[in-house]
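Here the sequence shown stands for residues 69 to 155, where the numbers follow this note's numbering.
These notes are about the structure you will find just below.
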Amino acid sequence: MSRSIKKGVFISKDLYFKILNNKTNIKTWSRSSTIIPDMINQVFLVHNGKNFKKVLINELMIGHKLGEFSFTRNFKSHSKKVKSKKK
């Protein structure tokens, strides 16, 4: 479910002030913050629960959340089926 239009987009206050100060490699835990046009061409280090993933923001990402680009689960692979030999 999306956020109401009259409320506007959500962005953390601390994160917004870091963007205005033009810091590079902004480290954030706020995965629920929406990407706004002021963030274009900046690098964010988004926490995925274990470590920080580097995310470079481009104009196609506007309107999405930061957490969408820092995956929290690693998919290894499905188990392989072993064929048994007939005797």
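Glycine included, every Cβ here is placed at the ideal spot set by N, Cα and C.
Local conformation of residue i per DSSP, three classes
| i | result |
| --- | --- |
| Lys-44 | There is no way to answer for residue 44, as the model of the chain reaches only from 69 to 155. |
| Ile-103 | coil |
| Lys-121 | strand |
| Phe-85 | helix |
Extent of the continuous alpha helix (DSSP H) to which residue i belongs
| i | result |
| --- | --- |
| Lys-95 | Unbroken run through Lys-95 is the beta strand (DSSP E), 94-96; no alpha helix (DSSP H). |
Cβ shell of residue i (< 8 Å), same chain only, five flanking positions each side left out
| i | result |
| --- | --- |
| Ile-103 | Ile-125, Met-129, Ile-130, Gly-131, His-132, Lys-133 and Leu-134 |
| Ser-101 | Phe-78, Ile-79, Ser-80, Leu-83, Lys-133 and Leu-134 |
Exposure of residue i, with buried meaning 16 or more beta-carbon neighbours within 10 Å
| i | result |
| --- | --- |
| Val-150 | exposed |
| Phe-143 | exposed |
| Ser-152 | exposed |
| Phe-139 | exposed |
| Phe-85 | exposed |
| Ser-98 | buried |
Counterpart residues of residue i in DSSP-defined beta bridges
| i | result |
| --- | --- |
| Phe-112 | Ile-94 and Val-123 |
Any non-hydrogen atom of the ligand GTP closer than 6 Å to residue i Cβ
| i | result |
| --- | --- |
| Lys-148 | The model depicted lacks the ligand GTP and carries no ligand whatsoever. |
Sequence-distant residues of its chain with Cβ nearer than 6 Å to residue i (five each side left out)
| i | result |
| --- | --- |
| Phe-137 | Val-123 |
Neighbourhood of residue i by C-beta, 7 Å cutoff - its chain only, sequence neighbours within 5 removed
| i | result |
| --- | --- |
| Phe-112 | Ile-94, Thr-96, Val-123, Ile-125 and Leu-134 |
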